[in-house]
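Input: a single structure, listed below in C-alpha coordinates.
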Amino acid sequence: MKTLTTQDLAGLSAKAAYAPRLRAHHNLHEQLEDSIQRLAIAMEPDTYVRPHRHPGSPELLIMLSGSLDWIEFDAAGETVVARHRLGADGARVFEMPAGVWHAVVSLQPGSVVFEVKRGPYLPLPEADVAAWAPAEGDARVADMLAFLRRCQPGDRFA
1 MKTLTTQDLA GLSAKAAYAP RLRAHHNLHE QLEDSIQRLA IAMEPDTYVR
51 PHRHPGSPEL LIMLSGSLDW IEFDAAGETV VARHRLGADG ARVFEMPAGV
101 WHAVVSLQPG SVVFEVKRGP YLPLPEADVA AWAPAEGDAR VADMLAFLRR
151 CQPGDRFA
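Per the UniProt record's numbering, residue 1 is the first one in the sequence shown, and the count goes up by one each step.
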(Lines of atoms letter the chains of each structure in order from A and count residues from 1; the text may use other names and numbers.)
(Lines give C-alpha, C1' and ligand atoms only; values in the text may rest on other atoms or scores of the structure.)
Protein backbone atom coordinates (compact mmCIF):
# COMPACT_ATOMS: atom_id res chain seq x y z
CA MET A 1 0.00 0.00 0.00
CA LYS A 2 1.18 3.53 -0.77
CA THR A 3 0.06 6.65 1.05
CA LEU A 4 0.78 10.37 1.19
CA THR A 5 0.22 11.90 4.61
CA THR A 6 0.02 15.52 5.64
CA GLN A 7 3.53 15.08 7.04
CA ASP A 8 4.72 13.69 3.70
CA LEU A 9 3.30 16.74 1.90
CA ALA A 10 4.99 19.12 4.35
CA GLY A 11 8.29 17.30 3.90
CA LEU A 12 7.97 17.40 0.11
CA SER A 13 7.23 21.14 0.23
CA ALA A 14 10.25 21.73 2.49
CA LYS A 15 12.39 19.81 0.00
CA ALA A 16 11.05 21.93 -2.88
CA ALA A 17 11.77 25.17 -0.99
CA TYR A 18 15.48 24.30 -0.97
CA ALA A 19 15.72 22.71 -4.42
CA PRO A 20 17.36 24.75 -7.20
CA ARG A 21 14.20 24.50 -9.37
CA LEU A 22 11.90 25.06 -6.35
CA ARG A 23 10.16 21.77 -7.13
CA ALA A 24 10.24 18.28 -5.69
CA HIS A 25 8.31 15.16 -6.58
CA HIS A 26 7.34 11.92 -4.95
CA ASN A 27 6.58 9.08 -7.35
CA LEU A 28 3.96 6.49 -6.54
CA HIS A 29 4.75 4.56 -9.71
CA GLU A 30 7.64 2.11 -9.41
CA GLN A 31 9.63 2.95 -12.55
CA LEU A 32 9.84 5.67 -15.17
CA GLU A 33 8.85 3.01 -17.72
CA ASP A 34 5.50 2.32 -15.99
CA SER A 35 2.46 2.76 -18.23
CA ILE A 36 0.76 5.09 -15.74
CA GLN A 37 2.74 7.85 -14.04
CA ARG A 38 1.42 8.91 -10.60
CA LEU A 39 3.27 11.51 -8.58
CA ALA A 40 2.95 14.35 -6.11
CA ILE A 41 4.75 17.53 -7.17
CA ALA A 42 5.55 20.28 -4.68
CA MET A 43 5.94 23.63 -6.42
CA GLU A 44 7.01 26.85 -4.76
CA PRO A 45 5.88 30.24 -6.13
CA ASP A 46 9.07 31.08 -8.04
CA THR A 47 9.36 27.74 -9.84
CA TYR A 48 9.17 28.02 -13.62
CA VAL A 49 7.21 25.53 -15.72
CA ARG A 50 7.88 26.36 -19.35
CA PRO A 51 4.74 26.19 -21.51
CA HIS A 52 4.48 22.72 -23.04
CA ARG A 53 2.12 19.97 -24.17
CA HIS A 54 1.76 16.20 -23.83
CA PRO A 55 0.48 15.00 -27.24
CA GLY A 56 -0.05 11.38 -26.24
CA SER A 57 -1.75 11.67 -22.89
CA PRO A 58 -4.46 13.49 -21.03
CA GLU A 59 -3.27 14.81 -17.67
CA LEU A 60 -5.18 14.63 -14.41
CA LEU A 61 -4.26 17.08 -11.63
CA ILE A 62 -5.51 16.87 -8.05
CA MET A 63 -4.62 19.70 -5.67
CA LEU A 64 -3.46 18.32 -2.35
CA SER A 65 -2.44 21.63 -0.75
CA GLY A 66 -1.97 25.27 -1.69
CA SER A 67 -3.03 26.57 -5.08
CA LEU A 68 -1.92 26.87 -8.70
CA ASP A 69 -3.14 28.60 -11.80
CA TRP A 70 -3.22 26.39 -14.89
CA ILE A 71 -2.83 28.47 -18.05
CA GLU A 72 -4.01 27.16 -21.42
CA PHE A 73 -2.61 28.41 -24.72
CA ASP A 74 -4.07 28.21 -28.23
CA ALA A 75 -3.26 25.42 -30.70
CA ALA A 76 -0.13 27.30 -31.79
CA GLY A 77 0.94 27.47 -28.15
CA GLU A 78 1.28 31.26 -28.15
CA THR A 79 -1.91 33.05 -27.05
CA VAL A 80 -3.55 32.53 -23.67
CA VAL A 81 -7.06 31.13 -24.09
CA ALA A 82 -7.97 30.22 -20.49
CA ARG A 83 -6.81 30.42 -16.90
CA HIS A 84 -8.04 27.99 -14.25
CA ARG A 85 -7.50 28.12 -10.47
CA LEU A 86 -6.71 24.84 -8.76
CA GLY A 87 -7.00 24.60 -4.99
CA ALA A 88 -7.90 27.53 -2.69
CA ASP A 89 -11.14 28.83 -4.24
CA GLY A 90 -10.86 26.79 -7.43
CA ALA A 91 -11.14 23.21 -8.63
CA ARG A 92 -9.54 20.42 -6.62
CA VAL A 93 -9.57 18.00 -9.56
CA PHE A 94 -8.77 19.08 -13.09
CA GLU A 95 -8.28 17.03 -16.25
CA MET A 96 -6.90 18.35 -19.51
CA PRO A 97 -7.03 16.55 -22.84
CA ALA A 98 -3.89 15.36 -24.60
CA GLY A 99 -2.05 17.90 -26.72
CA VAL A 100 -3.16 21.09 -24.94
CA TRP A 101 -0.42 23.73 -24.59
CA HIS A 102 -0.22 24.79 -20.94
CA ALA A 103 1.86 26.11 -18.07
CA VAL A 104 1.27 26.30 -14.33
CA VAL A 105 2.10 28.95 -11.77
CA SER A 106 2.34 28.17 -8.07
CA LEU A 107 0.46 30.78 -6.07
CA GLN A 108 1.55 30.02 -2.53
CA PRO A 109 4.27 28.22 -0.59
CA GLY A 110 3.45 24.61 0.16
CA SER A 111 1.50 23.98 -3.04
CA VAL A 112 1.39 20.29 -3.93
CA VAL A 113 -0.42 18.80 -6.90
CA PHE A 114 -0.93 15.11 -7.66
CA GLU A 115 -0.48 14.28 -11.34
CA VAL A 116 -1.60 11.23 -13.28
CA LYS A 117 -0.73 10.68 -16.94
CA ARG A 118 0.25 7.92 -19.34
CA GLY A 119 3.79 6.63 -19.22
CA PRO A 120 6.44 5.84 -19.79
CA TYR A 121 8.15 9.02 -18.67
CA LEU A 122 10.13 10.57 -21.51
CA PRO A 123 11.69 14.04 -21.51
CA LEU A 124 9.66 16.38 -23.71
CA PRO A 125 11.06 16.78 -27.22
CA GLU A 126 11.68 20.34 -28.43
CA ALA A 127 8.52 20.16 -30.57
CA ASP A 128 6.45 19.93 -27.36
CA VAL A 129 7.91 22.94 -25.52
CA ALA A 130 6.96 26.48 -26.55
CA ALA A 131 9.83 27.82 -28.66
CA TRP A 132 8.81 31.42 -27.83
CA ALA A 133 9.12 30.82 -24.07
CA PRO A 134 12.56 31.06 -22.45
CA ALA A 135 14.23 27.85 -21.32
CA GLU A 136 15.07 27.36 -17.65
CA GLY A 137 18.14 29.41 -16.77
CA ASP A 138 17.51 32.03 -19.47
CA ALA A 139 17.70 35.66 -18.29
CA ARG A 140 14.09 36.22 -19.46
CA VAL A 141 12.58 33.62 -17.09
CA ALA A 142 11.73 36.33 -14.50
CA ASP A 143 9.80 38.25 -17.19
CA MET A 144 8.03 35.07 -18.25
CA LEU A 145 7.04 34.26 -14.66
CA ALA A 146 5.67 37.79 -14.26
CA PHE A 147 3.66 37.29 -17.46
CA LEU A 148 2.30 33.92 -16.30
CA ARG A 149 1.23 35.41 -12.97
CA ARG A 150 -0.86 38.16 -14.60
CA CYS A 151 -1.82 36.91 -18.10
CA GLN A 152 -5.43 36.69 -19.18
CA PRO A 153 -7.14 35.22 -22.28
CA GLY A 154 -5.94 37.02 -25.40
CA ASP A 155 -2.48 37.85 -23.97
CA ARG A 156 0.80 36.84 -25.60
CA PHE A 157 4.29 36.96 -24.14
CA ALA A 158 6.28 39.69 -25.84
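For glycine and all other residues, C-beta sits at the position ideal for the given N, C-alpha and C.
Helix, strand or coil at residue i [DSSP, three-state]
i    : result
K15  : helix
T79  : strand
V93  : strand
A103 : strand
L64  : strand
R156 : strand
Q31  : coil
Residue i burial status per 10 Å Cβ neighbour count (16 or more: buried)
i    : result
Y18  : exposed
A133 : buried
R53  : buried
P51  : buried
L110 : The sequence given here places Gly at residue 110; Leu does not occur at that position. Looking at its Cβ environment, which holds 16 or more other Cβ atoms inside 10 Å, G110 is buried.
Q37  : buried
S106 : buried
L122 : exposed
Of the listed residues the options, nearest to residue i (C-alpha basis)
i    : options               : result
L60  : M1, A42, A76 and P97  : P97
S67  : A88, F73, A75 and V93 : A88
A146 : D46, E126 and E95     : D46
D138 : T6, R23 and V49       : V49
According to DSSP, residues forming a beta bridge with residue i
i    : result
K117 : Q37 and E59
R85  : D69
A24  : A42
V129 : H52
V112 : A42 and S65
CB of residue i within 8 Å of CB of residue j, strictly
i    : j    : result
I41  : V113 : yes
D69  : V104 : yes
M43  : A14  : no
H29  : L12  : no
V93  : I62  : yes
A130 : G56  : no
E33  : P120 : yes
L22  : L64  : no
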